[in-house]
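In our numbering, the protein residues as written are 7 to 171.
Backbone N, C-alpha and C define an ideal beta-carbon position, used for all residues, glycine too.
Have a look at the structure below, then the notes.
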């Protein structure tokens, strides 16, 4: 199992194929059918990975092809995370790729390999309105907080309790 060093004192183990976003991922082919998600290139995800308290994970399939990417933020910070916010998740939909289930797999990785080992109490997902039923099917429920974003439209905050401390 790959190990990712989160801080000087915290390391996490991940299943094969999961790793941190790297600079050399910037040029790799990645396509989504969602026209709004296409505005975010792999370069954008890489730049986001350099921000404090942000983690960008990729899922690699056969031939080192990127099949998914997830951007998450630790709250209040990565040294003492109490919750995780999933800010963006995308799956590669290049022609010929069959990656049904990649989104659910990425969420499960955040739950089982990050939130639970770190003792985070909850995961919050910033979901576009069209995806609320999908996240509900994964056990997430609306927090009641909603915002309107000029680019994304209605954003619904959804959460799942992962640890009862």
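Compute the Euclidean distance between the alpha carbons of residue i and residue j, then round it to the nearest angstrom.
i           : j           : result
residue 61  : residue 163 : 19 Å
residue 16  : residue 42  : 35 Å
residue 10  : residue 65  : 14 Å
residue 25  : residue 133 : 23 Å
residue 77  : residue 93  : 6 Å
residue 44  : residue 35  : 12 Å
residue 141 : residue 147 : 8 Å
residue 47  : residue 143 : 28 Å
Can you tell me where the alpha helix (DSSP H) holding residue i begins and where it ends?
i           : result
residue 109 : 108-115
residue 56  : Element bounds for residue 56: n/a, residue is neither H nor E.
residue 3   : Nothing can be reported for residue 3, as the shown portion of the chain is limited to 7 through 171.
I need the DSSP call for residue i, collapsed to helix, strand or coil.
i          : result
residue 94 : strand
residue 28 : coil
residue 44 : helix
residue 5  : Residue coverage of the chain in this structure runs from 7 to 171, which leaves residue 5 outside it and unanswerable.
residue 14 : coil
On the DSSP letters alone, give me the boundaries of the beta strand (DSSP E) that residue i sits inside.
i           : result
residue 74  : 72-81
residue 165 : 159-167
Next item on the list: For the region 85-96 and the region 122-140, state whether three or more C-beta atom pairs, one from each stretch, are separated by less than 8 Å.
Entry: The region 85-96, when compared against the region 122-140, does touch it at the 8 Å Cβ threshold.
Check: Do the region 18-33 and the region 62-76 touch if we need at least three Cβ pairs shorter than 8 Å?
Finding: Counting C-beta pairs with one atom in each stretch, the region 18-33 and the region 62-76 have three or more that are closer than 8 Å, which means they touch.
Checklist line | contact_flag[the region 17-24, the region 105-123] where n(CB pairs < 8 Å) is 3 or more | finding: As far as the Cβ criterion goes, the region 17-24 touches the region 105-123, which means the pair count is three or higher.
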